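Colleague: Those letters in the sequence shown? Residues 1 to 511, per UniProt numbering, in order. Glycine included, each C-beta is placed from N, C-alpha and C at the ideal position. Being a predicted model, the structure only gives us computed values, none of them experimental.
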Amino acid sequence: LQLLGATAIEDKLQDGVPETIQLLKLGNIKVWVLTGDKQETAMNIGYACRLLTDDMEILEEKEVRALWAMGEVPATCALPKDKILHTGEVLKEKKGWPWRWLCCDGAEASQDQGGLVEKAFVDLATSCQAVICCRVTPKQKALIVQLVKKHKKAVTLAIGDGANDVNMIKTADIGVGISGLEGLQAVQCSDYALAQFSFLQRLLLVHGRWNYLRICKFLRYFLYKTFAGLLPQVWFAFHSGFTAQPLYEGWFLALYNIFYTAYPVLSVGLLEQDVSAKKSLEFPELYMVGQQDELFNYRVFGVTLLHGVGTSLISFYITLWAFEDHVGTKAVGDYESFSVTVALSALLSIVLDTQYWTVLSFLMVTASLLFFCLFSFLTQSVDAFRIAPAIFRFPGEVPWGSPRPFPSLALVLGAVSQPVDHLLIPRSLLSLQKIHLKAKRDPEPSVELRSHVPRGSFHRRSSYAFSHQEGYAGLITRGDSLRARATHGTSPGPLPPQGTPAVSSLLCPSV
Numbered sequence: 001l002q003l004l005g006a007t008a009i010e011d012k013l014q015d016g017v018p019e020t021i022q023l024l025k026l027g028n029i030k031v032w033v034l035t036g037d038k039q040e041t042a043m044n045i046g047y048a049c050r051l052l053t054d055d056m057e058i059l060e061e062k063e064v065r066a067l068w069a070m071g072e073v074p075a076t077c078a079l080p081k082d083k084i085l086h087t088g089e090v091l092k093e094k095k096g097w098p099w100r101w102l103c104c105d106g107a108e109a110s111q112d113q114g115g116l117v118e119k120a121f122v123d124l125a126t127s128c129q130a131v132i133c134c135r136v137t138p139k140q141k142a143l144i145v146q147l148v149k150k151h152k153k154a155v156t157l158a159i160g161d162g163a164n165d166v167n168m169i170k171t172a173d174i175g176v177g178i179s180g181l182e183g184l185q186a187v188q189c190s191d192y193a194l195a196q197f198s199f200l201q202r203l204l205l206v207h208g209r210w211n212y213l214r215i216c217k218f219l220r221y222f223l224y225k226t227f228a229g230l231l232p233q234v235w236f237a238f239h240s241g242f243t244a245q246p247l248y249e250g251w252f253l254a255l256y257n258i259f260y261t262a263y264p265v266l267s268v269g270l271l272e273q274d275v276s277a278k279k280s281l282e283f284p285e286l287y288m289v290g291q292q293d294e295l296f297n298y299r300v301f302g303v304t305l306l307h308g309v310g311t312s313l314i315s316f317y318i319t320l321w322a323f324e325d326h327v328g329t330k331a332v333g334d335y336e337s338f339s340v341t342v343a344l345s346a347l348l349s350i351v352l353d354t355q356y357w358t359v360l361s362f363l364m365v366t367a368s369l370l371f372f373c374l375f376s377f378l379t380q381s382v383d384a385f386r387i388a389p390a391i392f393r394f395p396g397e398v399p400w401g402s403p404r405p406f407p408s409l410a411l412v413l414g415a416v417s418q419p420v421d422h423l424l425i426p427r428s429l430l431s432l433q434k435i436h437l438k439a440k441r442d443p444e445p446s447v448e449l450r451s452h453v454p455r456g457s458f459h460r461r462s463s464y465a466f467s468h469q470e471g472y473a474g475l476i477t478r479g480d481s482l483r484a485r486a487t488h489g490t491s492p493g494p495l496p497p498q499g500t501p502a503v504s505s506l507l508c509p510s511v
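(1) Please confirm whether G290 has its beta-carbon closer than 8 Å to some beta-carbon of chain C.
(2) Can you give me the Cβ contacts of I132 inside the same chain, cut-off strictly under 6 Å, excluding the 5 residues immediately before and after it?
(3) Go ahead and pull the three-state DSSP assignment for V131.
(4) Please report the straight-line C-alpha distance between K12 and V275, rounded to a whole angstrom.
(5) Provide the residue span of the beta strand (DSSP E) that contains A142, from first to last.
(6) I need the DSSP call for A78, collapsed to helix, strand or coil.
(7) Could you check whether M168 and G160 sit closer than 8 Å to each other, using their CB atoms as the reference points?
(8) I need the DSSP call for residue 577, collapsed to helix, strand or coil.
(9) Starting from L59, trace the beta strand (DSSP E) in both directions and tell me its first and last residue.
(10) Apply the 10 Å Cβ neighbour rule to C128 and answer buried if 16 or more other Cβ atoms are within range, or exposed otherwise.
(11) With distances taken Cα to Cα, identify the nearest neighbour of S349 among S381, E272, Y224 and F362.
(12) Count the CB pairs spanning the region 262–269 and the region 190–206 that are closer than 8 Å, and state whether there are at least three.
(13) What three-state label does DSSP hand G16 in the structure shown?
(14) So which of F197, Y221, S240 and W357 has the shortest CA-CA distance to Q273?
(15) Let me know if V382 comes out buried or exposed under the rule of 16 or more other beta-carbons within 10 Å of its beta-carbon.
(16) Quick one: give me the first and last residue of the alpha helix (DSSP H) that Y224 is part of.
(17) What does a CB cutoff of less than 7 Å around V309 pick up in its chain, not counting 5 residues either side in sequence?
(18) Out of V187, I391 and L247, which has the shortest C-alpha to C-alpha gap to S337?
(19) For N164 and T126, what's the separation of their Cα atoms in angstroms?
(20) Give me the Cα-Cα distance between D55 and G175, rounded to the nearest whole angstrom.
(21) Do F375 and W251 come within 8 Å of each other at the CB atom, strictly closer than that value?
(22) Contact defined as beta carbons within less than 8 Å: I believe R256 pairs with G229. What is the distance between those atoms, to the nearest angstrom?
(23) Per DSSP, L194 forms a beta bridge with which residues?
(24) Output the distance between the C-alpha atoms of P18 and R50, rounded to the nearest integer angstrom.
(25) Suppose you measure from the CA of F283 to the CA of S198; what does that come to, to the nearest Å?
(26) Per DSSP, what kind of secondary structure is W321 in: helix, strand or coil?
(27) Would A154 and V145 qualify as a contact pair, given that the criterion is a beta-carbon distance under 8 Å?
(28) Output the boundary residues of the beta strand (DSSP E) element that contains W32.
(29) Within this structure, are the beta carbons of L295 and V289 separated by less than 8 Å?
(30) If you draw a straight line from the alpha carbon of N297 to that of Q380, how long is it in whole angstroms?
(31) Specify the secondary structure class of L271 as computed by DSSP and reduced to three states.
(32) Compute the distance between the beta-carbons of Y260 and A343, then report whether it is under 8 Å.
(33) Over what stretch of residues does the alpha helix (DSSP H) that includes A384 continue unbroken?
(34) Select from R386, L3, L59 and M364 the residue whose C-alpha is nearest the C-alpha of I258.
(35) Measure how close the beta-carbons of A193 and S179 come, nearest whole angstrom, since I'm counting them as under 8 Å.
(36) Heavy atom of the ligand PLP less than 7 Å from the Cβ of A6, yes or no?
Right under this line is the structure:
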C-alpha cells in the first residue's frame, strides 16, 4: 500500500489551563476530568494540564483489584491522599464493572448492592487528589456528577464546551459552558458562559468568594437591624403594662426598612470586598472560608442575634433612664429620642462593618440619614398635624429633639458593641495572616520528581499528543518517550528548557 496522506484533528489545550487547575487545587477544590477519550490520551491530557505529576502514584482498575485481593484496601476504600484514581467506564452496568466486585462480596450480596457500589466508588475517588474517568458517555458523565451530589452533599460545578457535556452541565449545581469551535449547545444549557477555561479562576476565586461574603454580610445586617429596631417595643411593653402602646410612631415603623436602613445594606450586598482581586488570586486558600461556612453558620447567627438583642436593650434602657426624671410640657418628645437612637445605631453599625468604601456606598449611607431627617420633619410638622391629627400625632418634635444630647448615645453604642461582633466573627484579613504565618513556619519541602510505581510502555506520553508549541515535531514523529533522558547523539528537534514540561499542550478533553 502507498500512503497518500494523513488527517489530523487539532484540539489543543487553551492558554492558562494548567495554572487555573493549580489555583483550584490550592483552593481545596476537587478537580475531576470526565472525558470520552481513550486511556492514554486522557493520561497525556492529565500531565499536560498538570492535573497529574510525576510524583503521584497512578491507581488503575487492575491495581485496585490486586490490592483488594491482597487485603491491602480497607473496607472504607480510604487510600493515601497522593493516590490518583484512573478508571474507564466506571458506571458501566454490564459485566466487567470492577467496583461491583470490589465493594460487594458474599456477605454483602443480600444488601442493596447499587448503593454500596456507588458509595464505595465516591469514597475511593474523593480520597484521591484528582480523578480521571475516560471512555465515558454523556449519560455516564451526568451519573458521576449525580453520585457526588448524592453521597458527599457537595456543591458541584461542571464545565464543558461540547454537546456531549450538556447532560453533565444540567445535572451539576452550577453549569459553565465554554463558547468555542464545538458549537453553542453547552453555552445555551449553562448558568455561566465563558470564552476560556482560564476565566474560571476569577469566576470562583474572586467573584464567587466576593458574592459569598456579600450575601453573608447582607443577611447578618438584615437580622441585626431587625432585632435592634423592633425588640425595644417588646421591652417597652413591660413598662407600659402591655397596653399595646407603640414605642415608635407609625411612620417610623413603616419607613424603617424601606428608607432608613435599606440603602446601606444594599450597597454592601452589591459592592463589598474584603481583599482585592489580586490578593484573592494570590491566596486561593481564602476560598476555603466559604467551603467551611465560616461567615454564616449557627454560631454566626447566634452572635448576630445576641448583638441585635444587646443593641436593643442598650438603646432602650439608656434612653429610658436618661428621661426617667424628666418633667415638662413636652415630655411626649421622649418617644422621638428612641427612634433617633435606634436609627443612628443601625446606620453606625453598617458604617463600621463596611470594609470597601466607594462613592456609591458613601452616597447610600448619606441618603439614608437624609431620608430619616426629611421624613421625620415632614411627618412631625405642625401643618401635617392640622391636616390629619389622627395620623400625624407628634407635631413640632424634631426642632425640640434635635439639640438634645441623648441621641448621641447611639455613637457610644456602636463604638462598644461593634468590636465585639468583629472579634467573634472571622474576617478574611485574619485568614490572610494565618496563611502568611503558616508559610513562614512550614516552608514547602523540595520534592523529588519520581514515580512511586514504575510504569510500562503503556504509560508513555508519546506520539498520541500533538503539541502546539514549536520545536517538538522531531520528538513526536520519532515516537520516543518524552520521559526518557536525552542520551541520543543527535536530536531531530530542539529540546525544551530544563524545568518545563516536554509537552505543554495536548488533546483537550471534554472537562
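Modeller: Taking the coordinates as given:
(1) This model lacks chain C altogether, as it is built from one protein chain only.
(2) V33, A42, G46 and H86
(3) strand
(4) 35 Å
(5) First-last for A142: P138 to K152, but that is the alpha helix (DSSP H), not the beta strand (DSSP E).
(6) In this prediction, A78 scores a pLDDT of 42, lower than 50, which makes its location untrustworthy; the coordinate-derived value is nonetheless stated afterwards. It is coil, neither helix nor strand.
(7) yes
(8) One cannot answer for residue 577 here, as it falls past the ends of the chain, which runs 1 to 511.
(9) E57 to E60
(10) buried
(11) Y224
(12) no
(13) coil
(14) W357
(15) exposed
(16) R209 to H239
(17) F227 and L231
(18) L247
(19) 24 Å
(20) 32 Å
(21) yes
(22) A small correction: the amino acid at residue 256 is Tyr; Arg does not occupy that position in the sequence shown. Sure, about 6 Å apart at Cβ, within 8 Å.
(23) I178
(24) 5 Å
(25) 17 Å
(26) helix
(27) no
(28) V31 to L34
(29) yes
(30) 42 Å
(31) helix
(32) yes
(33) V382 to I387
(34) M364
(35) 6 Å
(36) By its list of ligands, the structure shown contains no ligand whatsoever, and the ligand PLP lies outside what it can speak to.
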